[in-house]
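Visitor: Under UniProt numbering, the final residue of the sequence shown carries the number 562; numbering is consecutive throughout.
A virtual CB, placed ideally from N, CA and C, is assigned to each residue, including glycine.
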Amino acid sequence: MIGAVKRHFLWAALFSALANLLFLAPTLYMLQIYDRVVPTRGGTTLAFLTLALLLAFATLSLLEHVRSRILVRASIGLDRRLARTLIAATLRQQAGEGIGRTSRQPIRECDQLRQTLTGPAMFALFDAPWTPIYILVCALIHPLIGLMALAGSLVLVAVAWASDRATRQPLLQASAAANLSYGSQEQTMQGAEAVRALGMRGAMVRRHLAEREDMLGWQAEASFAAGSRMAISRFLRNMLQSGALGLGALLAIDGQISGGAIFASSFLLGRAVAPVDQLVGSWRSFVAARASHGEIMAWLDGATDDAPQTSLPRPKGRVDVERVTVEDSHSQRLILNNLSFAIGPGEMVAVIGASGAGKSTLARLVAGAIACDQGEIRIDGAERSQWDGDALAAHIGYMPQQLSLFAGSIRDNIARFADPDADERIDADVIAAAQLCGAHGMILRLPQGYDTMLGWGGMGLSMGQTQRIALARALFRDPAVLILDEPNAHLDSDGEAQLIAALASAKARGAAIMVTAHRTGLLGPADRILVLDNGRMRMSGPRDQVLGALARPRPAPVAGAA
Ligand SMILES: Nc1ncnc2c1ncn2[C@@H]1O[C@H](COP(=O)(O)OP(=O)(O)OP(=O)(O)O)[C@@H](O)[C@H]1O
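Okay, structure coming up:
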């Protein structure tokens, strides 16, 4: 993707080359004044030389302006290419990551990389190849001055190298500490109400201060290391420039160079070492950009490819779960252990079990929110990987336990944020889904009805209202597979009755339904019940048989009807 904006960088490099040529203009001007204008008292020559210098400076400013515009364009182009891939890959990968992986923010890394690639640090890099040329010009004035420029540049490169060594580790630590600190604060902000009500404000402030302390400590260490190297670099540069004057004066006294060449050599030497000095100054951003580049590459390597897949026909609604196992990657504990069962079209399976038995994990897995570590899930006979992820998701209605509505209108939330301009049936389908689960009347009673805007995280509704909207979203466009995780958790008796009616209607049209439940009210329309215990299938069979077995004091296992 960086290759795609290569053209911009080539142009910027070309403009840098032209600009660096023009930087020779003041030197030539100075040489001409000392060696030609002053001895001959040539006023007209001076006027023409000044005019030429003016033109050179104007062109230089123009080139620098265009160069920075090109880099801004490259930055925008890079963002257009990279951001889409990264955001899509983030969402896809986090869904497929399974249990226990922390979320990372590759888009932040992308911003860091983009800013460095197109910021002032790059100008220093473009100017760096001109250092040898300026050294050569110094050597042409006098070999000793060339030698001084060469030695000075080498010492400055050594300082840059030392700066890299000294700052790399603290900068990486500072960046990790900053990610942790910002992420942790975001999490606290999401629970700000509970923090206030439970009197945890002081404790949370203490916690975030400690995290910031860690971040600031690493940043300070990096800044101290970089700062001292920068001071050494500046000192050397100043000394070199003045040293060149002194050396030039000695050579002029000896009659080896002209008076004008004294100042020209000092100026040229300054130009020769300037990019090295700038690189030392902007080393921090290079180190950060290199770390970001590594992160992004590692991240994209792990992301699955979007290879075009054969479109499969709309599923009829058969789900086969075959020997699936899900493991907590931190503790290696099995959360789901070798589960197999099937749901046919028009069949409803209820999954019950104690808290922590693995019901939600199973629902997330079947819905495609997470991936399994072993086993397979087939929809209409095709393994998940054979389906195009988004195409399959359109045929799955999933209501997670954490209801996850998003900022936007109720209509957009139910329509899963489909583009209304690209699809004119959206409104009718949204209303049909809401009517199916009895949410239509409730939505109409809201101030702006379907256009009521929800806040960040879907704020602005009661839990029961939120659950009804999430249910309508799951039912949007009659999906062939319905996975509902405790869909009655926040419903009143009226809402539960409407939910049962919606389930009956989905069954009647042939959807495969899986519902997890704590409350027995939902078990009525279930054909079969699976009982989970600590990630294993403890019992499975027709509803009444399982309920009967559970009601007996010492339940005997029921033959699996999967
Ligand atoms: N993101 C996660 N990372 C690690 N472990 C997890 C994660 N989510 C769930 N677990 C573990 O998986 C087990 C099953 O959790 P799950 O939420 O599936 O249970 P559940 O049966 O739905 O419980 P409940 O009825 O309380 O909702 C729990 O022991 C939990 O600790």
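Whose C-beta lies closer than 8 Å to the C-beta of methionine 442 among residues of the same chain, with five residues either side of it excluded?
Guide: Gln465 and Arg468
Visitor: Counting Cβ pairs closer than 8 Å, one from the stretch 529 to 545 and one from the stretch 371 to 385, do we hit at least three?
Guide: Flag = no, the stretch 529 to 545 and the stretch 371 to 385 do not touch.
Visitor: With hydrogens ignored, establish whether the beta-carbon of histidine 490 is closer than 8 Å to any heavy atom of ligand 1.
Guide: Answer for histidine 490: no, Cβ out of range of ligand 1.
Visitor: State buried or exposed for residue 566, treating a residue as buried only when at least 16 other CB atoms are found within 10 Å of its CB.
Guide: In the structure as shown, the chain starts at 1 and stops at 562, and residue 566 therefore has no counterpart that could be examined.
Visitor: Run through DSSP, which three-state label would arginine 314 get?
Guide: Secondary structure of arginine 314 (DSSP, three-state): coil.
Visitor: Using only CA atoms, which one of Ile145, Glu193 and Ala124 lies nearest to methionine 459?
Guide: Glu193
Visitor: Could you tell me the boundaries of the alpha helix (DSSP H) in which methionine 189 lies?
Guide: 143 to 190
Visitor: Since alanine 225 contacts threonine 167 with CB under 8 Å, what's their CB separation in whole angstroms?
Guide: 5 Å
Visitor: Quick check on proline 479: does DSSP put it in helix, strand or coil?
Guide: Secondary structure of proline 479 (DSSP, three-state): coil.
Visitor: Whose C-beta lies closer than 7 Å to the C-beta of arginine 538 among residues of the same chain, with five residues either side of it excluded?
Guide: Cβ contact annotation for arginine 538 (same chain, cutoff 7 Å, sequence separation greater than five): Val531 and Leu532, in chain order.
Visitor: Ends of the alpha helix (DSSP H) at threonine 116?
Guide: 106 to 117
Visitor: Does the beta-carbon of alanine 203 have 16 or more other beta-carbons within 10 angstroms, so that it is buried, or is it exposed?
Guide: exposed
Visitor: What are the partner residues of glutamate 327, as DSSP defines its beta bridges?
Guide: DSSP lists Leu334 as the bridge partner or partners of glutamate 327.
Visitor: With a threshold of 6 Å on Cβ separation, who are the neighbours of alanine 415 within its own chain once the five nearest residues in sequence on each side are excluded?
Guide: Ile426 and Val430
Visitor: On the three-state DSSP scale, how would you describe methionine 537?
Guide: strand
Visitor: Which one of Arg207, Gln169 and Arg80 has the shortest CA to CA distance from glutamate 186?
Guide: Arg207
Visitor: Given the structure, does glutamine 401 come close to ligand 1, in the sense that its CB is under 8 Å from one of the ligand's heavy atoms?
Guide: yes
Visitor: Who are aspartate 320's beta bridge partners in DSSP?
Guide: Answer is Ala342 and Arg378, bridged to aspartate 320.
Visitor: Rounding to the nearest angstrom, what Cα-Cα distance links leucine 31 and arginine 84 in this structure?
Guide: 54 Å
Visitor: Taking its Cβ as the centre, do 16 or more other Cβ atoms sit within 10 Å of serine 331, making it buried, or is it exposed?
Guide: exposed
Visitor: Just the C-alpha distance for aspartate 492 and leucine 216, rounded to the nearest angstrom, thanks.
Guide: Those two C-alpha atoms are separated by around 50 Å.
Visitor: Is there at least one non-hydrogen atom of ligand 1 closer than 8 Å to the beta-carbon of threonine 516?
Guide: Yes.
Visitor: Starting from the C-beta of aspartate 320, find all residues in its chain whose C-beta is less than 6 Å away, skip the five residues before and the five after it, and write them out in chain order.
Guide: Ala342 and Arg378
Visitor: Go through its chain and collect everything with a Cβ distance to arginine 314's Cβ below 8 Å, but skip five positions before and after it.
Guide: Excluding residues up to 5 positions away in sequence, His395 and Ala480 lie with their Cβ nearer than 8 Å to the Cβ of arginine 314 in the same chain.
Visitor: Could I get the ranges of all uninterrupted alpha helix (DSSP H) runs contained in the stretch 394 to 442, with 4 residues as the minimum, in chain order?
Guide: 410 to 414 and 426 to 436
Visitor: Would the beta-carbon of leucine 523 be found less than 8 Å away from any heavy atom of ligand 1?
Guide: No.
Visitor: Excluding five sequence neighbours on each side, which residues of the same chain lie with their C-beta closer than 8 Å to the C-beta of alanine 288?
Guide: Gln112, Thr116, Leu171 and Ser175
Visitor: So threonine 27 is in the alpha helix (DSSP H); what residue range does that whole segment cover?
Guide: 24 to 32
Visitor: Is asparagine 337 closer than 9 Å to glycine 548 when the C-beta atoms are compared?
Guide: no
Visitor: Please report the Cβ distance between residue 568 and methionine 122, rounded to the nearest whole angstrom; I am assuming they are in contact, meaning their Cβ atoms lie under 8 Å.
Guide: It is not possible to answer for residue 568, since the shown part of the chain is limited to 1 through 562.
Visitor: What distance in whole Å lies between the Cβ atoms of serine 233 and valine 280, which are believed to be in contact at a cut-off of 8 Å?
Guide: 4 Å
Visitor: Go through its chain and collect everything with a Cβ distance to glutamine 241's Cβ below 7 Å, but skip five positions before and after it.
Guide: Ser266, Leu269 and Gly270
Visitor: Leaving out five residues on either side along the sequence, give the residues of the same chain with a beta carbon under 7 Å from the beta carbon of proline 106.
Guide: Leu86, Thr90, Glu295, Ile296 and Trp299
Visitor: Can you give me the C-alpha to C-alpha distance between serine 404 and methionine 463, rounded to a whole angstrom?
Guide: 11 Å
Visitor: Comparing C-alpha positions only, which one of Val351, Phe263, Ile76 and Leu51 sits nearest to glycine 524?
Guide: Val351
Visitor: Using a threshold of 9 Å, state whether the C-beta atoms of tryptophan 161 and proline 275 are closer than that.
Guide: no
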